[in-house]
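Below is one structure, written out as structure tokens; the observations come after it.
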Amino acid sequence: MCDCAKVHMYEIEYKLAGMSVVPTHKNCGNALNGTQLDKFQKELVKSWGMDPEDDSPV
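Okay, so the sequence shown: first residue is 3 according to my numbering, each after it adds one.
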């Protein structure tokens with residue numbers, strides 16, 4: 003797991019781990035830990051202009 007202090011949205015790349023895609027940090031090459039993954043998902047939804055609280059389909 004990635005132990006880097008700050009991970010920005012633009013430093014994330016996706017790699018295959020078996021049959022699943024895992025978000026990894028470009029600088030260290032390790033998969034994101036749980037708190038980093040939650041923060042990344044919130045930033046991604048915000049950058050798309052969607053409300054993270056809204057579960058209705060588009």
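The beta carbon of each residue, even a glycine, is placed where N, CA and C say it ideally should be. Because the structure is a prediction, the values reported are computed rather than measured.
| query | result |
| --- | --- |
| Please report the distance separating the alpha-carbon of residue 51 from that of residue 15. | 21 Å |
| Distance, Cα to Cα, residue 31 vs residue 4? | 8 Å |
| With distances taken from CA atoms, which of 53, 12, 48 and 47 is nearest residue 29? | 12 |
| What separation, rounded to the nearest whole angstrom, lies between the Cα atoms of residue 17 and residue 43? | 16 Å |
| How far does the alpha helix (DSSP H) with residue 46 in it extend, from its first residue to its last? | 36-49 |
| Can you tell me the Cα-Cα spacing of residue 33 and residue 23, whole angstroms? | 10 Å |
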